[in-house]
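Line by line, the protein sequences are chains R and W.
For the first sequence, the numbering used here gives the first residue as 0, with consecutive numbering after it.
For the second sequence, the numbering used here gives the first residue as 380, with consecutive numbering after it.
Yeah, the Cβ is synthetic: ideal placement off N, Cα and C, and Gly gets one too.
One structure is given below, encoded as structure tokens.
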Amino acid sequence: MTLSSRVRCWLRATVGRSRMESEMDAELRFHVETYAEDLIGSGMARAEALRRARLEFGGMESAKEECREARGANLIETLLQDVRFGSRILRKSPGFTAVAVLMLAVGIGASAAVFSLVNTILLKPLPYPDSSRIVLPELLSPPGVNLGSEYIPWGQLQFRLLTRDARPFETVSAFQNDSFNLTGAGEPIFLDGFRASQEFFSSLGISPAVGRAFTAEEDQPGHEYEVILGNRLWRERFAAEQNILGRTVELNGYAYTVVGVMPAGFAFPRAEEMPSSFNFPSEPQLWVPLAVPAEPKPGPSELAVIGRLKPGVTIEQAQAALDLMTKHAEEQDHRWIGWFNTRVVPLQRQVVGDTRRPLQLMLGAVCIVLLIACSNVANLLLTRSLARRREFTLRAALGAGRARLIRQLLTESLLIAVAAGAAGILIANAGIYFVKTLGPANIPRLREVTLDLPVLAFALGISLATGILFGLVPAMAGARENLVDSLKEGSQRAGGSRLSPRLRNALLVSQVALALVLVVSAGLLTRTFFQLLGADGGFNAERVLTFQLPLPALKYADQNQIVTLFQNMLERLRAVPGVRAAGIGETVPMGGEGESTTIRVPGHPAASQKEMPFANFTVISPGYFSAIGTPLLRGRDFQQTDTTDSLPVAIVNAAMERRYWPGEGALGKQVGPGSTRYPLLTIVGVVPDVKHSSLREESAPEMYVLYNQKPWPSLLNMRVALRTKADPAGITESVRENMHAIDPDLPLAKVATLATLVDDSMSQPRFSVFLLGSFGVLALLLASIGMYGVISYSVLQRTQEIAIRMALGAQRRKVFGMVLGQGARLAGLGIAIGLIAALGVTHLMASFLYGVRPADPLTFAGVSLLLLGIALLACYVPARRATRVDPMVALKYE
Amino acid sequence: MAKPIDLLQGTLDMLILKAVSLGPLHGYGVLLRIQQISKDRLEIQQGSLYPALYRLEHQGWIASEWGESENKRKAKYYRLTAAGKRRFQAETEKWNRMADVIAGILSTTAEEV
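Here is the structure:
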């Protein structure tokens, strides 16, 4: 329905209604006046005739009301009447209205903001056509082998088997990330991109906005020098030039032809949407053909695969087809056994990834806040409806039915709810903005989150639902009042019905219990956060500068050249004033996962491929450990004397020593990469476990090898770490100058201090703590307002009783204690119930915790005390007020 | 003249249907017609007439339109609809049966039991 037609519809209803009213008026007037004329005709005086006519007709207004009812259109009218009356009542007590609306608005706003996240991330389909058909066939780690991840990358061989056998797929494509050094177009720039096979874009269902996707010919070795630009790169680097097609750009020293530009917003795959073990870049800027040979040779596995299922093919059917493929492969070559297990995962599920449970946690937390707000407002309304008892009694005595009274009260609460909903939408908008700007970068699809129609509908829905929820109970209770009793009591203060205090106390106890559950959860997360801050990552992040060094592949084709470069570089960097230690490594702590490989361990023969030992494999230079602040546990560090010609050496981490040489120690033992093309290395040192991606990760076995002893992977993308004497930022420029003095083409990428990397790795737990903590504070605030309200009201109600007690000699201290005791009893009950509930809830969040048990006694006790303290504080003001009761005044008033 | 008797519960509708079945009438006309044919033996609350008219109209048994009255004023005229006619016949039969039964019961003497 468009806005204008909605307005017309509303107008018709309103105008129609007033027409009916005026017709009814005319008809009744006609009756009375004609009757009066007849009376005049029979000789009565005019004034007397009119009086008689009106008198005999009876109550004009009640007749009209009955007519309206008879006509059946009465509902809307009484509703409008209720709304008019309700808003007048609410305007008359602006303080009450403001508090109620504000409390609810916060609850509704927070819920709507969290819902917008849930909706976008969990519920909305991906922004690709027919996205339910897009799947990721993932390769599983062999059972019993710890590779630090559930998935392993695909190899080219396996991908070829898949494409040969890919019956369930309409299209299927492999891709791997790569770094590209763009030169020859202004300042050299380091870009994240992907090598993707031909059907990559058609699998996603997205075509380039300008130009075309890759052809099958271009996706062959030797022909792969075409590039498709990301929209952002095209705009920022090429001024959104329309005739960019056919232009040559230089990437890593090779000439590539631009064949297409992707539409704005397209950046698949983003890091946060893919398994983290792939260590993909956060936003790819360009794509080039992958060019897998028709008959690939065995080599490193680095591919991810995406496919679009044929129409009508289910995930189960696709899985069955791949299982069959696995079986055939294993029958033909026994080496595949265990290494070719696949799992077909819908892209949607992969993108949602690990965010489902944190989001559910947030949704649960925000529901608690909303519930507390609701019960608070219900309590306020209940208190108010007691104060308005006289009004209701009067209206009931004048003939208003019970249903009508309930409807009136419900209308009032719905008015509050709708006003709160409107304010809540503003709060939600602010919340969404806040999450988008300050939230951690690894929340998938965060940029798509907006205050859209579903969120607005949700806000409206919960407004109405809460309006009924918090309105119904007080309305029923209010309307249940016995008329006779109320009229007899006359006073608003005395007694009160027995039901209401019990109801209010129950609401209060449930508030305290809910708040306790929420604050305990927040407390556990906070403890987790501080445990993580204090966790030993195996390094020292103070004053360490790191940067990435992606070497131009053409210029540094020979490994010896790179070794010489690194030697020069380390020498120069160590001479920079302020540098204490310098090292090069394939990874830096909190910089992401590195390489891993099967290993040979003499004395641990691999009985079958399945049990083949596995370890992280990291190439480093001497000085690396001193630069990142990792102490040596045993043995020695790599030294300048370890060269190409000397004994090949390795350093292992403690986890590896424990796994393979428990009790005997690793020093002097031998280990090597799985392939016998590489020599065995002698272990000369043991270091603590250095964590790669997160301080909470479980460390896998890891071996370090020397960059100048002909290690296996390329050295084209290493990281540099510099430990400095003062603030690392101060030496960044001189480091850059020194690097450019060695080779002006060297790009320095991802310059960051180690502390920043650690900080980034903490962004998600920090964000969770912040959100849950804010919800916890909100819950505490609301619960204490509720406590204050209930206790103040009860003091007000008991004024007479207190006055009598004091008149009979009760001491002020005693009265003070009595009121506090009442609050403490209620809070204590709420805390007891909350503790039981919290025990049930917190074990569900075990996976969020680190270094603290779900039933952590410290947190439980601390939060209970905190809640009790806040409850007593909330009772303090009313308790003080009770002690100031002047018996003379109070009793006289009665 | 005998004192008018109060209307039995639920009979006003029937009387209205009868009144308008004799020709379209405005509300006041309905009142006059009933008084006329009952020879003033029934007491009708004027105010209760209109809710009944509105109810009957809402149920579709009578229909209304604006016309000109005898005293040259605009008045709302009610007439019986086809459905109203059927309803009126059914009600009449029911009433007659009921009246027979009640009369029969009331006239029963002790010997007949």
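Flag this pair as yes or no: are the beta carbons of residue i and residue j separated by less than 8 angstroms?
i, j, result
"Phe95/R", "Gly438/R", "no"
"Phe56/R", "Gln415/W", "no"
"Leu190/R", "Gln316/R", "no"
"Ser374/R", "Ser172/R", "no"
"Thr325/R", "Leu544/R", "no"
"Leu515/R", "Gly829/R", "yes"
"Gln586/R", "Arg718/R", "Correcting the residue type first, residue 586/R is Thr in the shown sequence and not Gln. Cβ atoms of Thr586/R and Arg718/R: closer than 8 angstroms."
"Gly463/W", "Trp445/W", "no"
"Phe774/R", "Val368/R", "yes"
"Asn378/R", "Leu507/R", "yes"
"Asn251/R", "Leu553/R", "yes"
"Gly602/R", "Asn539/R", "no"
"Tyr34/R", "Tyr407/W", "yes"
"Ala395/R", "Leu404/R", "yes"
"Trp153/R", "Ser276/R", "no"
In terms of alpha-carbon separation, which member of the options lies closest to residue i?
i, options, result
"Leu666/R", "Leu101/R, Arg635/R, Arg503/R and Ala99/R", "Arg635/R"
"Pro473/R", "Ala456/R, Arg406/R and Thr436/R", "Arg406/R"
"Ser520/R", "Ser846/R, Ser698/R, Leu890/R and Lys668/R", "Ser846/R"
"Leu680/R", "Phe774/R, Asp742/R and Ile598/R", "Ile598/R"
"Arg231/R", "Leu425/R, Val876/R, Gly264/R and Pro152/R", "Gly264/R"
"Ala720/R", "Arg67/R, Leu360/R, Tyr623/R and Gly229/R", "Tyr623/R"
"Trp233/R", "Leu181/R, Glu60/R, Phe279/R and Ala802/R", "Leu181/R"
"Val82/R", "Ala418/R, Arg307/R and Ser760/R", "Ala418/R"
"Arg420/W", "Ile384/W, Ile481/W and Val492/W", "Ile384/W"
By Cβ distance below 7 angstroms, which residues in the same chain neighbour residue i in space, the five residues on each side in sequence not counted?
i, result
"Leu848/R", "Leu523 and Thr527"
"Glu217/R", "Glu223, Glu225 and Pro288"
"Arg355/R", "Leu121"
"Arg166/R", "Ala320"
"Gly389/W", "none"
Taking the alpha helix (DSSP H) that residue i belongs to, which residues open and close that run?
i, result
"Val248/R", "From DSSP, Val248/R is part of no alpha helix (DSSP H) but of the beta strand (DSSP E) over Thr247 to Leu250."
"Trp445/W", "From DSSP, Trp445/W is part of no alpha helix (DSSP H) but of the beta strand (DSSP E) over Ile441 to Glu447."
"Leu848/R", "Premise fails: Leu848/R is in no alpha helix (DSSP H) and is neither H nor E."
"Glu390/R", "Arg388 to Ala396"
"Arg412/W", "Gly406 to Ile416"
"Glu411/R", "Arg401 to Leu437"
"Gly868/R", "Pro856 to Thr882"
Sorted by chain position, which residues of the same chain lie with C-beta nearer than 6 angstroms to residue i's C-beta, five sequence neighbours on each side aside?
i, result
"Leu78/R", "none"
"Ala606/R", "The predicted position of Ala606/R is uncertain, since its pLDDT is 48 and thus under 50; a value taken from the coordinates is nonetheless stated next. None."
"Ala416/R", "Ser462, Thr465 and Gly466"
"Val344/R", "Leu135 and Glu137"
"Gly108/R", "Gly423, Ile426 and Ala427"
"Arg476/W", "none"
"Val750/R", "Phe546"
Spatial neighbours of residue i within its chain, please: C-beta separation below 8 angstroms, excluding the five flanking residues on both sides.
i, result
"Asn504/R", "Val789 and Leu825"
"Gln491/R", "Legend: pLDDT at Gln491/R = 45, less than 50; position of this residue unreliable, no value from coordinates given."
"Tyr255/R", "Tyr224, Glu225, Val226, Thr247, Val248, Glu249 and Val287"
"Gln530/R", "Tyr849, Gly850 and Val851"
"Val409/W", "Ile395, Ala398, Val399, Leu428, Leu432 and Tyr457"
"Ala461/W", "none"
"Ala823/R", "Leu867, Ala870, Leu871 and Cys874"
"Ala725/R", "Arg542 and Gly577"
Over the uninterrupted beta strand (DSSP E) stretch that includes residue i, give me the two end residues.
i, result
"Tyr456/W", "Lys453 to Leu459"
"Ser595/R", "Glu594 to Arg599"
"Gln547/R", "Val543 to Pro549"
Going by the C-beta, is residue i closer than 7 angstroms to any heavy atom of the ligand ZN?
i, result
"Gly602/R", "With respect to the ligand ZN, the structure shown offers nothing to examine, as it has no ligands at all."
Note to self: To test your reading of the DSSP string, which unbroken alpha helix (DSSP H) runs of 4 or more residues are found completely within the segment 46–83 of chain R?
What the structure shows: Segments of the alpha helix (DSSP H) lying fully in the segment 46–83 of chain R: 59–70.
Notebook entry, point to check: Can you list, in chain order, the stretches of the beta strand (DSSP E) that have 3 or more residues and sit fully within the segment 183–232 of chain R?
Noted result: Qualifying beta strand (DSSP E) stretches, in chain order: 188–195 and 225–228.
Notebook entry, point to check: Can you give, in chain order, each stretch of the alpha helix (DSSP H) that sits fully within the segment 743–827 of chain R and has at least 4 residues?
Noted result: The DSSP assignment places 753–760, 762–796 and 798–806 as complete runs of the alpha helix (DSSP H) inside the segment 743–827 of chain R, in order along the chain (cut-off: 4 residues).
Margin query: Report the start-end ranges of each beta strand (DSSP E) in the segment 98–145 of chain R that is 3 residues or longer and not cut off at the edges.
Written below: Listed in chain order, the complete beta strand (DSSP E) runs (minimum 3 residues) inside the segment 98–145 of chain R are 133–139.
Next item on the list: Could I get the ranges of all uninterrupted alpha helix (DSSP H) runs contained in the segment 639–681 of chain R, with 4 residues as the minimum, in chain order?
Entry: Listed in chain order, they are 653–659.
Item checked: Contained alpha helix (DSSP H) runs [length at least 4] in the segment 260–342 of chain R, N- to C-terminal order -> Annotation: the segment 260–342 of chain R contains the following complete segments of the alpha helix (DSSP H) (minimum length 4 residues), in chain order: 314–331.
Next item on the list: Please go through the segment 606–636 of chain R and give each complete beta strand (DSSP E) segment of 3 or more residues, from N-terminal end onward.
Entry: Taking only runs of at least 3 residues, the beta strand (DSSP E) segments lying wholly in the segment 606–636 of chain R are 613–619.
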